[in-house]
Amino acid sequence: MDIIKKILLVILLTISIQLSAIELISLRGNPVQGGILICETDNSVEKIFLDHKEIPIFENRTILGFDRDEKLKHKITIVLENGEMYTSVFYIIKRNYSIQRIDRIEKKYIEEPRDSILIQRISDESEMLAERREKIYSNKNIYFEEFCMPIIDGKITGVFGSQRILNGVPKKPHNGFDIAAPKGTNIMAMTTGVVALTGDYYYNGKFVLIDHGGGLTSIYIHMSKISVEMGDYILKGEKIGEVGSTGRSSGNHLHWGIGWKNKRIDPELLQNMDDVFLKIKVR
Ligand SMILES: [Zn+2]
C-alpha cells in the first residue's frame, strides 16, 4: 500500500470512530457568575450531579445555574444506566459588577420600616414567598423553552449584580434587571411556565412569580395590574401584567428577577443562550 492510501485509511478510520461517538451531554449558555447552562442529555444518561448534588433530568433536559458570587471551579458527574460514570471539571468566568450611585432618593424609598405591624407583614410576606419557592424546587417538570424580554420597548435603568449606594448608604447588590416603561405597558412571560404566586406585597407591590421548571423561576414586580392567576399555564411572550410603581418603587418600571433554586441569575444573559460550552462524549 502506498503512503497516500495509508493516510486515507487512517483518515477514514478516524472519521468513523468520531461518527460513532455518543454525545452524553451538551451544555449551552453562559458559564459565568449569574449565568445558566441548559443541558441536553442522551437517553443513556440516568443521573447528573453538579458538585455532588443531583440535578433532576426531565425529558432529556436539565438546567444548571450559578449565583452572583459563585465559586469558579465545578465538577459535573454523569451516571449512565449501565452504571458507567464520567466526570468533568470546568470553570466559570468571574465577573466584575458595577457600582451604581443613586442620589436624591426620597427617604421613604430607602428607610427601613419601624412600625411593628408593618415589620410583621414584611416578615410574613417574605416567608410566603420563600415557602412557595421551596415547593417549586421540588417540582421536577421542565416547562421552559427559549427566552424573550418581558418588555419590548423599555429603558434599562438597573443591571444585575450592581452594588447600590443610595444617598451615600451602601445597600445589598441588585439581584434583578430594571426596565423603565410607561404605566400600563404590557409585561410578558420570559418563557413558558406555571404561575406559582401572585400578590401585593409591601416591597414587591403587585407581582407575579412563575415556575419554569427545573428550579428556574422568574419574578416580575411593581406591576400596576396583574393579568394572570395562580396555576395558570403561561406561554413564552404571553401577557402577565402591566408596568407600574407599586410597592417600594420610585417610578414606573419593571424589576425582573430570575432564580435557579436559591441562586440569583442575571436576566440579561438569557438573551444569549446559543453558545455550546461543554460536551461530554464517549465512543
Ligand atoms: Zn430592580
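At position 85 of the sequence shown the residue is numbered 86 (my numbering), and the sequence of numbers has no breaks.
Ideal Cβ placement from N, Cα and C applies to all residues, glycine included.
Asked	Found
When you measure from the CB of residue 245 to every non-hydrogen atom of ligand 1, does any distance come out below 7 Å?	no
For residue 116, does the three-state DSSP call read helix, strand or coil?	coil
Would you say the beta carbon of residue 238 is closer than 7 Å to some non-hydrogen atom of ligand 1?	no
Excluding the 5 residues preceding and the 5 following residue 102 in the sequence, name in chain order all residues of the same chain whose CB lies nearer than 6 Å to its CB.	166
From this set, 153, 123, 162, which residue's C-alpha is nearest residue 266's C-alpha?	162
In whole angstroms, what is the alpha-carbon distance linking residue 79 and residue 271?	25 Å
So, helix, strand or coil for residue 272, using DSSP?	helix
Check whether the region 207–216 touches the region 165–184, taking contact to mean three or more Cβ pairs, one atom from each stretch, closer than 8 Å.	no
Check for me: the beta strand (DSSP E) holding residue 267 runs from which residue to which?	Neither: residue 267 is in no beta strand (DSSP E) and is coded neither H nor E.
What's the call for residue 53, buried or exposed, on a 16-neighbour Cβ count within 10 Å?	exposed
Following the continuous beta strand (DSSP E) through residue 201, name the residue where it begins and the one where it ends.	194–202
I believe residue 42 touches residue 61 by the beta-carbon criterion, under 8 Å. Please report the beta-carbon distance rounded to the nearest angstrom.	5 Å
Using the beta carbon as the reference atom, which residues fall closer than 5 Å to any heavy atom of ligand 1, ordered along the chain?	159, 177, 179, 256
Taking just the CA atoms, how far does residue 164 sit from residue 183?	26 Å
At a cut of 8 Å, does the region 21–33 reach the region 91–105 through at least three beta carbon pairs?	yes
Identify which residue in 204, 236, 278, 47 has its Cα closest to the Cα of residue 148.	236
Are the region 112–127 and the region 68–86 touching by the rule of at least three beta carbon pairs closer than 8 Å?	no
On the DSSP letters alone, give me the boundaries of the beta strand (DSSP E) that residue 97 sits inside.	From DSSP, residue 97 is part of no beta strand (DSSP E); its letter is neither H nor E.
Report the residue from 257, 231, 230, 222 whose alpha carbon sits nearest the alpha carbon of residue 248.	222
Near residue 107, what residues of its chain come up, given a Cβ to Cβ distance below 8 Å and the 5 sequence neighbours on each side ignored?	251
Thinking residue 189 and residue 241 are a contact (beta carbons under 8 Å), I'd like their distance in whole angstroms, please.	7 Å
Can you tell me whether residue 4 is helix, strand or coil according to DSSP?	helix
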